[in-house]
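Residue numbers (this note's numbering): 238 to 586.
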Ligand code: ATP
Ligand code: MG
Ligand code: FE
């Protein structure tokens, strides 16, 4: 079965085609540039951009895969979490397509999509594995058994900001363009990570070993910038970016590796937009190698939002014999990550 996946939870319109764990092709349109002058995603603009993009992006993904609509055997769509208006566009499109083609529809959790993205590059996930999800809105350490059959266990989550949010907000304070994460990564190449001693939040002996906090780090970076500006000296942005990136990468990878060790798990999977960060990737590699843990990180284009990852979850659901969603499937903008599918999941054995 060829599964067509649609992603529209934020500012990327993504469509992917997957069959039996194999990525056949995908396409993405982004409204990022339209949000730049506002310094963040404007929900109304994002929703409108999805309306314009969804048809052409479906066409482009099919072309890249060398397929036509008549080859599609199931449709999967992100039904939450995300921006309500943005999610509505993808879900409405997916329902229309499923109805018109007479094929089953599946509502997928966006974060399960981020996790499944790795399977397209590296094959099925081992059971169990520890997953570090680091994105614009989430930072969590998960214990994953069977992604579509078993409940997802949260070992720890962020208590305040997500890691990507920290990058984006600090970039703004540093006067760097939006979106901040990739820019911090680029600017940091010319900086000294040891130039500023930013804090490592929640890494003390009495702290929750798997919880995260990034709002204090964001404040520390803002204070550092204020001190420089107050003193009238030019802000050494590259040093600040490198030091911030080092602090975030240090905390993320330290806790992820500790979670693997504590649970006797041999594989760590790092996913989400911040998994594209070069220092997060290199430090995770270094520490996993030292601890004898297998590290899996998706290629860059599958780390940030895309439709292929949603098709990947749909493909797993189809192959698990999961019941499809009803055609009145509703969106859930704040869906907690409990199951990969966002509808009751009676799996047919
Ligand atoms: P969520 O998945 O939590 O709903 P989202 O879909 O907006 O949020 P993603 O698309 O997974 O998030 O990731 C976007 C985030 O990743 C942004 O915060 C962005 O700054 C960050 N990001 C992307 N590339 C990099 C990079 N190279 N270094 C650091 N951060 C990055
Ligand atoms: Mg985005
Ligand atoms: Fe995302």
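Even for Gly, the Cβ is constructed at its ideal location relative to N, Cα and C. Bear in mind the structure is a predicted one, so any value in this text is a computation, not a measurement.
For residue 537 and residue 251, I'd like the C-alpha separation in whole angstroms.
For the purposes of this step, residue 537 is taken as residue 300 along the chain shown, with counting starting at 1. For the purposes of this step, residue 251 is taken as residue 14 along the chain shown, with counting starting at 1. Rounded to whole angstroms, residue 537 and residue 251 show a C-alpha spacing of 15 angstroms.
Nonlocal neighbours in the same chain, by C-beta distance under 8 angstroms from residue 457, ignoring five residues either side:
Counting from one through the chain shown, the residue named residue 457 turns up at place 220. Within the same chain, residue 457 has close Cβ partners 435, 436.
Taking DSSP's pairing of strands, which residues face residue 344 in a bridge?
As a position in the chain shown, residue 344 is number 107, starting the count at 1. Paired residue(s): 314.
Can you tell me which of the three DSSP states residue 261 falls into?
Start at 1 with the first residue of the chain shown, and residue 261 comes out as number 24. Strand, per DSSP.
Contact defined as beta carbons within less than 8 angstroms: I believe residue 548 pairs with residue 313. What is the distance between those atoms, to the nearest angstrom?
The residue labelled residue 548 in the question sits at position 311 within the chain shown. The residue labelled residue 313 in the question sits at position 76 within the chain shown. Sure, about 6 angstroms apart at Cβ, within 8 angstroms.
Residue closest to residue 245, alpha-carbon to alpha-carbon, out of 356, 287, 299, 380
Along the chain shown, one-based indexing puts residue 245 at 8. Per the Cα distances, 287.
As assigned by DSSP and simplified to three states, the class of residue 449:
As a position in the chain shown, residue 449 is number 212, starting the count at 1. Here residue 449 sits in strand by DSSP.
Simplified DSSP assignment, three categories, for residue 241
Position 4 of the chain shown holds residue 241. The answer is strand: DSSP assigns residue 241 an E or B state.
Coil, strand or helix - residue 391 by DSSP:
Position 154 of the chain shown, counted from the start, is the residue given in the question as residue 391. Strand.
Relative to the ligand FE, is the shortest distance from any of its heavy atoms to the C-beta of residue 347 smaller than 7 angstroms?
Within the chain shown, residue 347 is the residue found at index 110, counting from 1. Yes, the Cβ of residue 347 comes within 7 angstroms of a heavy atom of the ligand FE.
When every heavy atom of the ligand MG is checked, does at least one fall within less than 7 angstroms of the C-beta of residue 249?
Your numbering for residue 249 matches position 12 in the chain shown. Result yes, Cβ under 7 angstroms from the ligand MG.
For the segment 419 to 429 and the segment 489 to 501, state whether three or more C-beta atom pairs, one from each stretch, are separated by less than 8 angstroms.
no
At what residue ranges does the segment 271 to 324 contain a whole run of the alpha helix (DSSP H), taking only runs of 4 or more?
280 to 302
Would you call the segment 499 to 515 and the segment 470 to 481 in contact, with 3 or more CB pairs under 8 angstroms?
The segment 499 to 515 vs the segment 470 to 481: no contact.
Compute every distance between the C-beta of residue 541 and the non-hydrogen atoms of the ligand ATP, then say whether any falls below 7 angstroms.
Stepping through the chain shown from its first residue, residue 541 is reached at position 304. Residue 541 Cβ: within cutoff of the ligand ATP.
Does at least one heavy atom of the ligand FE sit under 7 angstroms from the Cβ of residue 551?
Taking the chain shown and counting its residues from 1, one reaches residue 551 at position 314. Outside the cutoff, so no.
On the three-pair Cβ rule with 8 angstroms, is the segment 519 to 527 touching the segment 438 to 445?
As far as the Cβ criterion goes, the segment 519 to 527 does not touch the segment 438 to 445, which means the pair count is below three.
Can you tell me whether residue 568 is helix, strand or coil according to DSSP?
The count along the chain shown starts at 1 and reaches residue 568 at position 331. In the structure shown, residue 568 sits in coil (DSSP, three-state: anything other than H, G, I, E or B).
Assigned secondary structure, residue 266 (DSSP; H/G/I helix, E/B strand, else coil):
Position 29 of the chain shown, counting from 1, holds the residue named residue 266. If DSSP states are grouped into helix, strand and coil, residue 266 belongs with the strands.
Best match in 417, 379, 577, 407 for proximity to residue 449 [C-alpha to C-alpha]:
On the chain shown, residue 449 is found 212 positions in, with the first residue counted as 1. For the residues 417, 379, 577, 407, the minimum Cα distance to residue 449 belongs to 379.
Please list the terminal residues of the continuous beta strand (DSSP E) segment that includes residue 409.
Working through the chain shown from its first residue, we reach residue 409 at position 172. First-last for residue 409: 400 to 410, but that is the alpha helix (DSSP H), not the beta strand (DSSP E).
Give every residue of the same chain whose Cβ lies closer than 6 angstroms to the Cβ of residue 554, excluding the five residues on either side of it in the sequence, and list them in chain order.
Here residue 554 is taken as the residue at index 317 of the chain shown, counted from 1. So the list reads 343, 385, 578, once near-sequence residues are dropped.
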